[in-house]
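Report on the structure given below.
There are 2 protein chains.
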Amino acid sequence: MRPTVHDMSTAELTMLADLIHTLDNAAPECDPRERVLEGVTRLLRADFCASFVWNGDTGTNERPLAHNMSGENLDRYLNWFQFRDPITRNLRARRRATPVRAVMPQSELEKTEFFNEFLRHDGLHHGINLFLFQGDRDLGDLRVWRARGRPDFQRREIELLDVLQPHLCRAFARPASPLAALSARERQVAELVARGLTDKDIAATLKIGYATVRSHLNHGMAKAGCSNRAELAALTHRY
Amino acid sequence: MRPTVHDMSTAELTMLADLIHTLDNAAPECDPRERVLEGVTRLLRADFCASFVWNGDTGTNERPLAHNMSGENLDRYLNWFQFRDPITRNLRARRRATPVRAVMPQSELEKTEFFNEFLRHDGLHHGINLFLFQGDRDLGDLRVWRARGRPDFQRREIELLDVLQPHLCRAFARPASPLAALSARERQVAELVARGLTDKDIAATLKIGYATVRSHLNHGMAKAGCSNRAELAALTHRY
DNA sequence: AGCGGTATCCACGAAAATGGGGAGGTCGGT
DNA sequence: ACCGACCTCCCCATTTTCGTGGATACCGCT
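So the sequence lines, in the order shown, correspond to chains A and B. Note that the working numbering has the first sequence beginning at 1, numbered continuously upward. Note that the working numbering has the second sequence beginning at 240, numbered continuously upward.
This is the structure in structure tokens:
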């Protein structure tokens, strides 16, 4: 049995490689989803992409991000249309890349208020969604769309998302750095700690008092939940 | 103008993605080339792969690695055939993925002693080489081969190596971890240091004496060139 | 005007880490 | 049989770190 074969341009293979690299390496200060929206959109030869994170407690989609979509329409989804969205619940249940047509025929979708009042507003016509999970924890989703007149998503795009899925999961699941809570000065001190300077050296380097260094360090370790400077040093270079 | 289009199976795309991930992440204890030989071979639908690092001072190929090739033939290359190798010098000069036929027609190659006494020994018939550089520094190469009867490498394989090239360069150029010099026990202690354990805790965890921990730690810090445990901790999670 | 976060500084004592020395055993390679 | 690398353990003096509980001042926000 021959495996499915996809057509990929050299530029697309480069994009795929860069995307994986970005997922593995980019700074953890910002939402990992940001680093990916545009790349996935282009790789899937799509036009639009949005991303939310499902909150099981409140039963709502949160933390919107989008590429090529109007912020105003995104707000309309958050405030109104997510509560009469006839497709997303079923797409999420699939737990792998799924074209919208798999949960509702295009002809039926086009009769809904959701399509005519919301999707059409930004030109979203053919959709494919991927929901990422770690066990049962929602990590976020990707909702990729093509404009009217473009062909619907096919096997190529579904399987491309299959390829990306484990890498996306890994990147989305990576916990936020405990160092994000540190102030600028505290992070600066942590950085010097990681280089092996003693507190006296740090004070001299930063031209501040020894007591100040101790203070920054104590606050920093408390915020990051570290019990000593070695753990803090490890954190500064783990993330 | 249409871009070149390649046929890639889903499995191959997955391999490509995993390869990039491996290059970015794998443990730096071992030679990064090791992590890549088999993957590249399969991605290029090839049968054999060898890798050397060119030493400009001695003018020799060093540090051999191979996939699917006999160690004995590798030794013959190092000791004898590298000095009458009619193709590699020219392939290296190209500085990008180049099939062997680009520097010598197959018909001519098959007349050489190098082919008949060396390449044929392991069944190497069609070759493609990639030499990696950082500026003018040699980072190592990949010499990928297909067996007799298989088709020669085409554009697909050349451009796949082009896609991989920057990622290979990055991975090969990453300096060896100073921690590579540590013994197993010393690394184990360093690992626990990075988790924030005190020496007493480490002793208890490893069920060895406090003095032993101090000894491992002193040796480890000396080898890694660290002045204290914080620097060592940073190293263990930088690499 | 008050509150929280930041940056700066101070002092003390307990705990931990560091650097120096050494000692004895195993194990693999020359 | 020796040597080097490793793992194990010991002592001691000094330095560094950690935790605690302060203080003052600036800033932005409400």
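Beta carbons are placed, not taken as given, at the ideal position from N, Cα and C, and that holds for glycine.
Of the listed residues the options, nearest to residue i (C-alpha basis)
i             : options                    : result
residue 190/A : 62/A, 147/A, 5/A, 237/A    : 237/A
residue 143/A : 51/A, 14/A, 43/A           : 51/A
residue 26/A  : 233/A, 90/A, 170/A         : 170/A
residue 68/A  : 183/A, 124/A, 94/A, 24/A   : 124/A
residue 413/B : 292/B, 263/B, 245/B        : 263/B
residue 367/B : 261/B, 284/B, 373/B, 445/B : 284/B
residue 358/B : 395/B, 376/B, 319/B        : 319/B
residue 222/A : 193/A, 192/A, 55/A, 181/A  : 181/A
residue 255/B : 281/B, 273/B, 373/B        : 281/B
residue 6/A   : 205/A, 212/A, 157/A        : 157/A
residue 398/B : 269/B, 350/B, 374/B, 337/B : 337/B
Exposure of residue i, with buried meaning 16 or more beta-carbon neighbours within 10 Å
i             : result
residue 449/B : exposed
residue 288/B : buried
residue 60/A  : exposed
residue 442/B : buried
residue 322/B : exposed
residue 146/A : buried
residue 286/B : buried
residue 380/B : buried
residue 229/A : buried
Contact set for residue i: own chain, Cβ-Cβ below 8 Å, skip 5 residues either direction
i             : result
residue 512/B : For residue 512/B there is no data in the structure shown, the boundaries of chain B being 240 and 478.
residue 115/A : 109
residue 453/B : 438
residue 113/A : 84
residue 22/A  : 35, 36, 39
residue 247/B : 255
Residue i to residue j span [Cα, whole Å]
i             : j             : result
residue 271/B : residue 186/A : 35 Å
residue 459/B : residue 331/B : 39 Å
residue 335/B : residue 403/B : 11 Å
residue 439/B : residue 195/A : 24 Å
residue 161/A : residue 356/B : 47 Å
residue 241/A : residue 243/B : Summary: the structure shown does not reach residue 241/A, with chain A confined to residues 1 through 239, and so no result is reported for it.
residue 103/A : residue 94/A  : 9 Å
residue 87/A  : residue 37/A  : 21 Å
residue 64/A  : residue 150/A : 25 Å
residue 126/A : residue 77/A  : 17 Å
residue 251/B : residue 447/B : 48 Å
residue 305/B : residue 197/A : 43 Å
residue 134/A : residue 172/A : 9 Å
residue 55/A  : residue 90/A  : 16 Å
residue 376/B : residue 292/B : 10 Å
residue 34/A  : residue 313/B : 47 Å
residue 212/A : residue 218/A : 10 Å
residue 132/A : residue 253/B : 17 Å
residue 249/B : residue 100/A : 22 Å
residue 297/B : residue 378/B : 15 Å
residue 39/A  : residue 18/A  : 9 Å
residue 72/A  : residue 369/B : 50 Å
residue 269/B : residue 111/A : 59 Å
residue 205/A : residue 183/A : 18 Å
Sequence-distant residues of the same chain with beta carbon closer than 6 Å to residue i, five excluded per side
i             : result
residue 259/B : 406
residue 62/A  : 53, 55
Residues near residue i by beta carbon distance below 7 Å, same chain, minus five either side
i             : result
residue 309/B : 361
residue 106/A : none
residue 455/B : 424, 425, 428
residue 232/A : 190, 193, 220, 221, 224, 226
residue 387/B : 362, 364
residue 394/B : 243
- [ ] Please list the segments of the alpha helix (DSSP H) lying wholly inside the segment 114-176 of chain A, counting only runs of 4 or more residues, in order along the chain.
- [x] 155-173
TODO: Note down, one range per segment and in chain order, each alpha helix (DSSP H) of at least 4 residues found wholly within the segment 268-296 of chain B.
DONE: 276-282
TODO: Could I get the ranges of all uninterrupted beta strand (DSSP E) runs contained in the segment 57-96 of chain A, with 3 residues as the minimum, in chain order?
DONE: 60-67
Task: Uninterrupted alpha helix (DSSP H) stretches inside the segment 418-471 of chain B (no shorter than 4 residues) - done: 423-433, 438-445, 449-463
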